[in-house]
Each structure stands twice: as structure tokens, then as C-alpha cells.
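Read the structure below first, then the notes.
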Amino acid sequence: MPPPKKKKHPLEHFLAGGAAGLVETSVCHPLDTIKTRMQLRRNLPPVVGTIPVGGGRTMPATRSRAGIGRGVASGGVGLTGASFGPVEMARRIVAREGFTSLYKGLTAVYSGIVPKMALRFWSFEQFKDMLASPAALGPGQGAIFIAGLLSGLTEAVLVVTPAEVCKIRMQAQFHSMVDPRALACRKYTNVVQTALTIVREEGPSALYKGIVPTMLRQGCNQAANFTSYNYMKSRWEETSGKSLVHWQHLLLGGMSGGVGPTLNNPLDVVKTRLQRQVVEKGVAPKYSGLWQSMVVIAKEEGPMSLYKGLTPRLMRIMPGQAITFMTYEFVCEKLHDAGIFPPNTL
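For the sequence shown, position 203 matches number 308 in the numbering used here, and the numbering has no gaps at all.
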């Protein structure tokens, strides 16, 4: 027999979710910086010379334009160089900008992570209770999936999109964190100053750049995350007849965290490009929407470029979700033990 389910107090979701987000971000943020830098790196074909375009003018010729097969003409120069993995990216960031550069954008994440996680767990439980009623879907995996989807959409609109715009602008700055002169010249210094700068230069709507792929990403992630976690948790408890202990929450959280990112990485790449882009008045932006951006990236850099950053993203999200669920369950347990929120058995 599985243990009886316990209904948590709504405020408990805010406290436990916020604590989980704080712990998770403190541990995993460097991997997010590496992922962002990998997604911003453009792999264009190498220049192999020039070709005439009429009127006495020429243009740089890439391998594809020049009709060259394998090999590069003598003196060819790659516009961005060969792509490389997360370990090499981390090494370059540390070597050029200092170890603390891996924590760029952390203040933006902190400012968003507590309300995001609080909102995520609270809204998921509210949506689940509504959908699990006999008048709706009834209890089951369908209600959990839709509740996770709606939870992800809610957090994307209210918290995630503006926080990520600020975070990505700060992460994308290629300045040293150990050189005082570089620090003094940086454009974005902290989350509040970054948000104000963006609003002043580009308007308030700029804080919601990439909201469509962000909503799709967050909705997909949380639908897959909550569904897989709750399914594996219920099956484990049914088999063992006991409540899970901390290391089991850690394991199941990590496994559930890998499902969504594997499916929706192209959305994350597009979101990153849109949010990094600074739009100037009178100049058409390179990336203007979800599908247009995907087409441009795939055409210029190859279809696999839409999966840039997947490895560090999985390295970031899987342990992140493991820490999140374990911390969430741990804090809930301690709140119960302290008698602050005594659980109600369903």
C-alpha cells in the first residue's frame, strides 16, 4: 500500500519552492552561462576568397558560394572558428574573463528564481486541484500534464521572460571580471540597471522579447517535468509502500528534468538569440519571430545549430531539477516537523 497523500498549505508551496530555486541556482548557474555563450556563438561557413557581384564590386565567398567541395582555399579564415564543447567554452571564459564570469547574470536569476519557483509549485497545485475535480478531467496523469503546462505558461509570462532578457544581456558581455577597467566600462552592471537600460533604450516591450518561445519552452518543460516526476514517484511509492527519502527525490527529479529540454532545445536557442538582440530604430532586426528565426539559423549555420547548448543545458537542468525537487520536499518536511504547516491527509 502506498502511503496516504498529504495536501500542502498554499503558502507552503511559496516557501519551499522559493528555497528550492535559491539552492538550485547557486549550484548550477555556471552551466547556464556556458550554455548561453554556446548558443550565441555563430558557426558561419569560412571565407575562401571573393566573388564578383557586378559594378566592379566583390563580396566574401564562403565555401558554399564559391562552389568549393572539401578543403578550404589557401588563406581561408573562419568567421567565428570551429565550434567546441562546454568544457572548452568554460576554459575560455575563465581564462579570458576570470572564474567569477561564470556567475554573470546571477543577480537577474536570483531576482526571478524565488518568485518563479514559488509561482511554479503554487500554480501547479492550484491547476491540478481544479483539473482533478470530477467536473473537469478527474485525477490522473492528464490533469497533471495540463496543470504542468499551465504552470509553465504562467511563470513564463509573469516572471521568466523579463528576468531572462536581463540575464542573457549580462551573460553575453565579454568583459573580464578581474580587470577594474573592464568592469567600469561594462554596459550592464546588475539586474535593476540592466532592466532600466533596456527600457530606456528599447522600450518596455523589449523586456518581453522572445516571449512566445519562452512560453512554449516553459510550458513544455513543466508539463514533461511534473508528469514524469509524479508518475515515477507514485509508481515507486506503490512498489515500496513507503514515502520517498531525500536521495530518491534527487534521483527522480534529475530523471524528469531531462525530458523537456531534449524536446524543445530549438525553442531555447531562438529565445536566446531574440533576447540577446538589440533592436535599433529604423533598422530591421535579424531575428523577428519564432519560425523566421529558426529558418535563418538553420539556413546560415545548419539545422544542428538549433541544438547548440543542449549538453550544458542538460548538465544544468537535470541536476537543477534534482536539487529543486529534493529541496522542495525537504523544506516541506521540515515545515511539517516544525508544526508550521501540519499536513492534511487526503
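Glycine is no exception: its CB is placed at the ideal position from the N, C-alpha and C atoms.
7 Å Cβ shell around residue i - same chain, five flanking residues per side excluded
i	result
proline 390	Gln382 and Val384
glutamate 265	The sequence as given places valine at residue 265; glutamate does not occur at that position. Correct list, in chain order: Gly217, Lys221, Thr319 and Gln323.
tyrosine 336	Gln246
methionine 399	Pro371, Val375 and Leu411
Environment of residue i [buried if 16+ CB atoms lie within 10 Å]
i	result
leucine 236	buried
arginine 175	Annotation note: pLDDT 37 at arginine 175 (below 50); position unreliable, no value reported.
leucine 255	buried
glycine 205	Here residue 205 turns out to be threonine, not glycine, going by the sequence shown. Under this definition threonine 205 is an exposed residue.
aspartate 442	exposed
glutamine 409	Going by the sequence as given, residue 409 is methionine instead of glutamine. Methionine 409 is exposed by the Cβ-count criterion.
threonine 344	exposed
proline 267	buried
phenylalanine 189	exposed
glycine 387	exposed
serine 169	Note that serine 169 scores a pLDDT of 45, beneath 50, so its modelled location is shaky; the value from the coordinates is reported in the next line. So serine 169 counts as exposed.
glutamine 380	buried
valine 71	Shown here, the chain extends from 106 to 451; a query on residue 71 therefore has no answer.
tryptophan 227	buried
glutamine 397	exposed
leucine 301	exposed
glutamate 406	buried
Residue i - containing alpha helix (DSSP H), residue span
i	result
serine 398	395-406
tyrosine 67	Summary: the structure shown does not reach residue 67, with the chain confined to residues 106 through 451, and so no result is reported for it.
isoleucine 249	246-260
histidine 114	First-last for histidine 114: undefined, no H or E at that position.
valine 264	No alpha helix (DSSP H) holds valine 264; DSSP gives it neither H nor E.
valine 384	Valine 384 -> no alpha helix (DSSP H), and no H or E assigned at all.
arginine 201	191-202
arginine 291	Segment: none, arginine 291 is in no alpha helix (DSSP H) and carries neither H nor E.
valine 214	211-236
isoleucine 428	415-442
methionine 360	351-362
Neighbourhood of residue i by C-beta distance below 6 Å, restricted to the same chain and skipping five residues each side
i	result
methionine 222	Gly122, Gly123, Ala125 and Gly126
valine 262	none
phenylalanine 430	His354 and Gly358
glutamate 434	His354
Beta-carbon proximity list for residue i, same chain, < 8 Å, skipping 5 on both sides
i	result
leucine 440	Glu117, Leu120, Ala121 and Phe446
isoleucine 303	Val270, Cys271, Arg274, Ala311 and Leu312
isoleucine 251	Phe232, Leu236, Leu242 and Ala328
C-beta contact flag for residue i and residue j at 8 Å
i	j	result
glycine 247	phenylalanine 229	no
serine 195	methionine 275	The amino acid occupying residue 195 in the given sequence is alanine; serine does not appear at that position. Not a contact, by the Cβ cut-off of 8 Å.
isoleucine 428	valine 128	yes
serine 333	glutamate 342	no
leucine 321	leucine 372	yes
leucine 211	histidine 134	yes
glycine 315	lysine 413	no
asparagine 369	cysteine 325	yes
lysine 140	arginine 418	yes
Distance cut-off 7 Å: residue i Cβ against heavy atoms of the ligand SAM
i	result
phenylalanine 331	The ligand SAM is not part of this structure, which contains no ligands at all.
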